[in-house]
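Contents: one structure, followed by commentary.
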Amino acid sequence: MGSIYDYKVKKANGEIESLEKFKGQPLIIVNTASKCGFTPQFAELQDLYETYKDQGLQILGFPSAQFNNQEFDDMEETMEFCQLNYGVSFPMFATVDVKGKTADPLFKYLTSTQKGLLTEGIKWNFTKFLVDRNGNVIKRYAPQTSPKKMEEDLKNLI
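According to my numbering, the sequence shown is numbered sequentially starting from 42.
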């Protein structure tokens with residue numbers, strides 16, 4: 042597929058949503074986990090969202106349990122955890138696989154468009170992708186990269 046907008050994803054409530062809904066908005070797409078050492082990044086992601094949402098920013102969170110099973114089995118528990126502990130108000134989607142043969146098509150697209158340093162695939166939770174208003178995947182950030190370090194690149198898209 043040729044564009045981020047060609048993909049459909051499953052929302053936390055099980056409904057299917059087209060990413061075309063986010064056309065014209067800068068995006069940060071991130072695979073998340075509730076029980077990971079990088080989980081505190083939710084706070085910085087939420088701060089970015091609060092700062093730039095009025096200028097169109099959307100952050101799309103995709104929980105994944107592929108790395109040491111660091112996600113709750115129940116989606117409601119995941120949502121509650123994110124909201125209570127980090128005040129997450131940006132869209133969170135259903136748990137997905139982000140690597141291997143069972144990887145969600147969106148993440149196959151993201152990783153083929155922006156390859157990682159040592160591997161094309163997702164190496165760990167909180168790999169982040171910056172997408173411009175035209176749906177182009179601009180940059181990929183490693184799990185250990187603080188979301189705040191994305192802010193300068195994000196400002197260029199706002």
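Where is the CB? At the ideal position from N, CA and C, for every residue including glycine. Since this is a predicted model, take the numbers as computed values, not measurements.
**Message:** With DSSP as the reference, identify every bridge partner of Gly102, one or two as the case may be.
**Reply:** Here residue 102 is taken as the residue at index 61 of the sequence shown, counted from 1. Assignment of beta-bridge partners to Gly102 by DSSP yields Val71, Met133.
**Request:** Label Glu61 either buried or exposed according to how many other C-beta atoms from any shown protein chain fall within 10 Å of its C-beta, with 16 as the threshold for buried.
**Result:** The residue given as residue 61 occupies position 20 in the sequence shown. That one is exposed.
**Request:** Mind checking which residues open and close the beta strand (DSSP E) that includes Lys180?
**Result:** Position 139 of the sequence shown, counted from the start, is the residue given in the question as residue 180. Lys180 -> beta strand (DSSP E) spans 178-182.
**Pro81 versus Pro188, Lys196, Ser44, Leu198, residue with shortest Cα-Cα distance** = Along the sequence shown, read from residue 1 onward, the residue named residue 81 stands at position 40. Cα-wise, what sits closest to Pro81 is Pro188.
**Item:** At least 3 beta-carbon pairs within less than 8 Å: the segment 82-94 vs the segment 118-133
**Value:** Judged by pairs of C-beta atoms under 8 Å, the segment 82-94 touches the segment 118-133, as three or more such pairs exist.
**Prompt:** Which partner residues does Lys52 have in the DSSP bridge list?
**Reply:** One-based indexing of the sequence shown puts residue 52 at position 11. DSSP, once it has assigned bridges, lists Phe134 as partnering Lys52.
**Request:** Can you give me the start and stop residues for the beta strand (DSSP E) that Lys169 sits inside?
**Result:** Along the sequence shown, read from residue 1 onward, the residue named residue 169 stands at position 128. For Lys169, the enclosing beta strand (DSSP E) covers residues 169-172.
**Item:** Beta-carbon proximity list for Glu192, same chain, < 6 Å, skipping 5 on both sides
**Value:** Numbered from its first residue, the sequence shown carries residue 192 at position 151. Excluding sequence neighbours, Glu192 sits near nothing in its chain.
**Request:** Quick one: residues in its chain with C-beta nearer than 7 Å to the C-beta of Lys51, no 5 flanking neighbours on either side, listed in chain order?
**Result:** What you label residue 51 is simply residue 10 of the sequence shown in a count that begins at 1. For Lys51, where only same-chain residues beyond five positions count, the Cβ hits under 7 Å are Ile57, Phe134, Ala135.
**Inter-residue spacing [alpha-carbon to alpha-carbon] between Asn197 and Thr92** = Within the sequence shown, the letter at position 156 stands for residue 197. Within the sequence shown, the letter at position 51 stands for residue 92. Rounded to whole angstroms, Asn197 and Thr92 show a C-alpha spacing of 14 Å.
**Request:** Output the boundary residues of the beta strand (DSSP E) element that contains Ser153.
**Result:** For the purposes of this step, residue 153 is identified with residue 112 of the sequence shown, where counting begins at 1. Note, Ser153: premise wrong, no beta strand (DSSP E); alpha helix (DSSP H) at 146-154.
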